[in-house]
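Residue numbers (our numbering): 1257 to 1383.
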């Protein structure tokens, strides 16, 4: 009977380990993607799959406030942000001076609308 009591605990402990490792970042940076349609278009979902093949920690956001709160909580990693043009114009001015904010890449077809941010913030790049 003692053996059967230990097995459920083992399973529970191993499940906790798996859950913790899914949320753990093993890299020195966190790659975040902020876009209102990040999880709603087939193209974005496919791009996420491709990024996850080379990046351990990719986190997606479709809400600017949730993304900003998450970035402000990060203390040990550098943040690389992929963002749509319209959301980038809103969030970058709020976060550009944070020490954990390392780079920002704008994923947008309208480059002219985003050139001003690129000129203002050195770590900002258009894709």
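For each residue, glycine too, the CB sits at the ideal point set by N, CA and C.
Note that the coordinates shown come from a computational prediction; the quantities given were computed from them, not determined experimentally.
Let me check understanding here. Comparing Cα to Cα, which of 1290, 1330, 1314 lies closest to residue 1346?
Taking only the C-alpha atoms, the option nearest residue 1346 is 1290.
Mind checking residue 1310: buried by the 16 CB within 10 Å criterion, or exposed?
Flag for residue 1310 reads exposed.
Could you name the residues of the same chain whose beta carbon sits closer than 8 Å to that of residue 1339, not counting the 5 residues immediately before and after it, in chain order?
Excluding sequence neighbours, residue 1339 sits near 1289, 1290, 1291, 1347, 1348, 1360, 1361, 1362, 1363.
Any idea what DSSP makes of residue 1335, helix, strand or coil?
Here residue 1335 sits in strand by DSSP.
For residue 1326, which of 1294, 1312, 1297, 1351 has the nearest alpha-carbon?
Residue 1351 is the option with its Cα nearest to residue 1326.
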